[in-house]
Amino acid sequence: MPTDSDSEYDPSLGNKFIFVTGGVMSGLGKGITAASTGRLLKNAGFDVTAVKIDPYLNVDAGTMNPYQHGEVYVLKDGGEVDLDLGNYERFLDVDMTSDHNVTTGKTYQHVIERERSGDYLGKTVQIIPHITDDIKRRIREAAEGSDVCLVEVGGTVGDIEGMPYLEALRQFAHEEDDEDILFTHVTLVPYSKNGEQKTKPTQHSVKEVRSIGLQPDIIVGRCDDELEPHTKEKIALFCDIPTEAVFSNPDVEDVYHVPLVVEEEGLDEYVIDRFGLAERALPREERANEWREVVTSEKEGEVEVALVGKYDLEDAYMSIHESLKHAGFDLGVDVTVRWVDADEMAPRHARRLEDADGVVVPGGFGMRGTQGKIDAVEYARANDVPFLGLCLGFQMAVVEYARNVLGLAGAHSAEVDADTPHPVIDILPEQYEVEDMGGTMRLGTHETEIEPGTLAHDLYGAESCHERHRHRYEVNPDYFEAFEDGTLVFSGSAGNRMEILELEDHPFFLGTQFHPEYRSRPGRPSPPFVGFLDAVMDRAEAREGVTA
């Protein structure tokens with residue numbers, strides 16, 4: 000079928016598609032359910048990709064407050080996206096692009112721009128077909144080159160902003176053969192006071208889905224425990240699907256165990272059979288088993304790391320938490336992360352800093368909490384505590400050293416103090432004339448040259464690395480000479496831009512202008528995090544010996 004010139008939509012691009020919707024309440028774990036399904040299909044030998052649909056009006060997640068939406072995850076092409084894309088990259092071990100994140104802002108902006116340029120030749124531009132066609136086009140183009148594409152629709156069925164997307168999926172299903180489309184609906188199965196698993200919320204949620212013209216093929220019940228057989232039977236009866244199409248997704252100790260749980264439930268085999276892919280799938284005994292080996296690896300001991308930030312919300316620093324976990328898988332140790340309030344640094348939080356075996360100062364924007372981060376850097380530097388500074392953490396390490404070692408009184412970042420006498424951190428030259436906030440930072444993957452013989456070189460085992468960035472400020476070149484005589488060394492650079500710093504004669508003190516946490520994976524942990532955690536383990540062992 001030829002491309003529709005009106006809509007740029009080509010329905011001839013074929014793949015297998017799994018559409019994942021959620022009901023009852025948000026935050027149930029649709030993304031983890033979808034990512035776990037994808038992980039199992041990848042283990043079976045299929046090329047799998049994913050699309051996250053976010054029905055909000057923002058063009059992307061870049062201007063969102065982490066308290067409202069968790070961390071902003073950065074893709075290799077500089078796309079600022081929802082944190083669920085981070086889960087897909089980690090579970091599927093793939094690098095995605097901004098094309099894999101569809102938002103209402105992107106879709107409407109594109110259609111309106113085409114209308115303004117006269118592309119629709121005077122036709123009335125409407126939700127159907129123009130918006131729905133653009134949604135379908137984006138899904139199909141993101142799916143190109145893959146065997147299976149997972150499509151997660153954010154929010155909850157019944158939300159008004161999600162209606163155009165569900166209508167687009169209804170149309171999508173009509174354009175495909177039945178064996179190429181699966182609808183998965185994730186719902187909450189709560190307990191009554193007497194301990195009975197209640198199916199009524201699921202029944203009402205599926206009723207809402209069906210009123211839109213969609214029929215779930217698979218229902219995944221989120222519950223504290225596995226669904227009882229009679230619970231599955233009741234859901235199947237009232238929701239008009241086979242009992243074997245109802246699966247449990249109970250609470251687990253670690254989200255990386257979810258693929259193992261749904262595999263035991265047989266979700267992967269059901270999907271493969273429904274898609275008619277059984278003959279193409281690897282035999283069970285030949286399927287990749289690295290995931291299970293990594294996430295169930297034995298741990299010996301536990302270490303504690305202080306994360307000095309201004310958001311008391313784990314989702315705001317999700318990729319850092321996960322990167323520490325990945326390094327823990329690699330080194331065989333459990334990592335407990337303690338949040339330290341950089342904004343107040345009250346006695347309780349100061350004690351958390353002192354009790355920890357290592358300190359991480361993450362990225363961020365604005366002045367709130369910066370002094371607490373500087374204090375944390377000074378504590379780690381002066382007391383030989385392993386330190387890892389990321390983006391703003393890297394910049395605050397430069398500020399702290401300039402003030403307390405080089406004696407540059409009042410040194411600061413121009414972002415925080417425009418009147419500082421020593422702007423050791425200043426705005427990037429290309430940012431001088433920038434007015435719009437969204438999508439205008441230095442974003443995405445850039446190459447960093449690494450000095451041989453340095454800690455950074457030891458960690459990466461190479462003279463360059465490619466990592467993802469998200470910043471507007473940099474080390475001020477006017478102060479390069481001032482740092483040359485000290486023990487703080489810039490061991491990584493991109494032209495005239497400093498990218499990595501480290502401190503000589505310190506157990507481990509490393510800062511990166513980039514965000515290495517965005518490329519960390521289970522089984523392929525980020526080198527700076529592995530090096531940091533290795534030093535943390537050494538310190539924990541030494542402290543334990545002293546205590547004993």
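Take 0 as the starting number for the sequence shown in numbering that gives the first Met the number 0 and just add one per residue. For every residue, glycine included, the Cβ atom is placed at its ideal position computed from N, Cα and C. Just so we're clear, the structure is a prediction, and the values are computed from it rather than from any experiment.
query                                                                                                             : result
Residue range of the beta strand (DSSP E) that includes Val-336                                                   : 333 to 340
Whether Thr-556 touches Asp-59 by CB criterion (8 Å)                                                              : Residue 556 falls outside the range modelled here, since the chain spans only 0 to 547, and no answer is possible.
In chain order, each beta strand (DSSP E) run of at least 3 residues that lies wholly inside the segment 18 to 75 : 47 to 53
Whether Gly-522 touches Glu-289 by CB criterion (8 Å)                                                             : yes
Residues near Asp-92 in its chain [Cβ-Cβ closer than 6 Å; skip 5 each side]                                       : Arg-520
Complete runs of the beta strand (DSSP E) confined to the segment 210 to 293 [at least 3 residues]                : 217 to 222 and 245 to 249
Rounded C-alpha distance that separates Leu-487 from Ile-126                                                      : 57 Å
Rounded straight-line distance, which links the Cα of Ile-211 to that of Asp-533                                  : 53 Å
Cβ-based neighbour list, Ile-217, same chain, cut-off 6 Å, excluding 5 preceding and 5 following                  : Thr-183 and Ala-244
Nearest to Val-50 (by Cα), restricted to the options Gly-77, Met-95, Leu-27 and Lys-41                            : Met-95
Proximity of Gly-438 and Arg-467 at Cβ, strictly below 8 Å                                                        : no
Meets three-Cβ-pair contact criterion under 8 Å: the segment 232 to 240 and the segment 196 to 214                : yes
Buried versus exposed call for Leu-142 [16 or more other C-beta atoms within 10 Å across all chains shown]        : Correcting the residue type first, residue 142 is Ala in the shown sequence and not Leu. Flag for Ala-142 reads buried.
DSSP three-state assignment for Met-497, whether helix, strand or coil                                            : strand
Buried versus exposed, by CB contacts within 10 Å (16 or more), Ala-277                                           : exposed
Meets three-Cβ-pair contact criterion under 8 Å: the segment 316 to 325 and the segment 72 to 87                  : yes
For Gln-196: DSSP bridge partner residues                                                                         : Tyr-190
Gly-153 versus Ser-116, Val-251 and Ile-31, residue with shortest Cα-Cα distance                                  : Ile-31
Closest by C-alpha distance to Tyr-164, when choosing among Lys-135, Val-185 and Asp-176                          : Lys-135
DSSP state of Lys-105 mapped onto helix, strand, coil                                                             : helix
Same chain only: Cβ atoms within 6 Å of Leu-40, ignoring 5 sequence neighbours per side                           : Val-47 and Val-147
Given Thr-419 as reference, the closest of Arg-89, Ile-426 and Ala-410 once Cα atoms are compared                 : Ala-410
Leu-281 burial status per 10 Å Cβ neighbour count (16 or more: buried)                                            : exposed
Range of the contiguous beta strand (DSSP E) that encloses His-465                                                : 463 to 470
Exposed unless 16 or more other CB atoms sit within 10 angstroms - verdict on Leu-389                             : buried
Ile-159, buried or exposed, once every other Cβ within 10 Å from all chains shown has been counted against 16     : exposed
Given 8 Å, three or more beta-carbon pairs between the segment 349 to 364 and the segment 379 to 386              : yes
For Thr-447, the nearest candidate out of Ala-413, Glu-399 and Ile-499 (CA to CA)                                 : Ile-499
Among Met-366, Ile-17, Gly-392 and Arg-367, the one whose alpha carbon lies nearest that of Val-376               : Gly-392
Status (buried if at least 16 other CB within 10 Å, exposed otherwise) for Leu-323                                : buried
Integer-rounded CB distance, given that Leu-427 should sit under 8 Å from Tyr-472                                 : 7 Å
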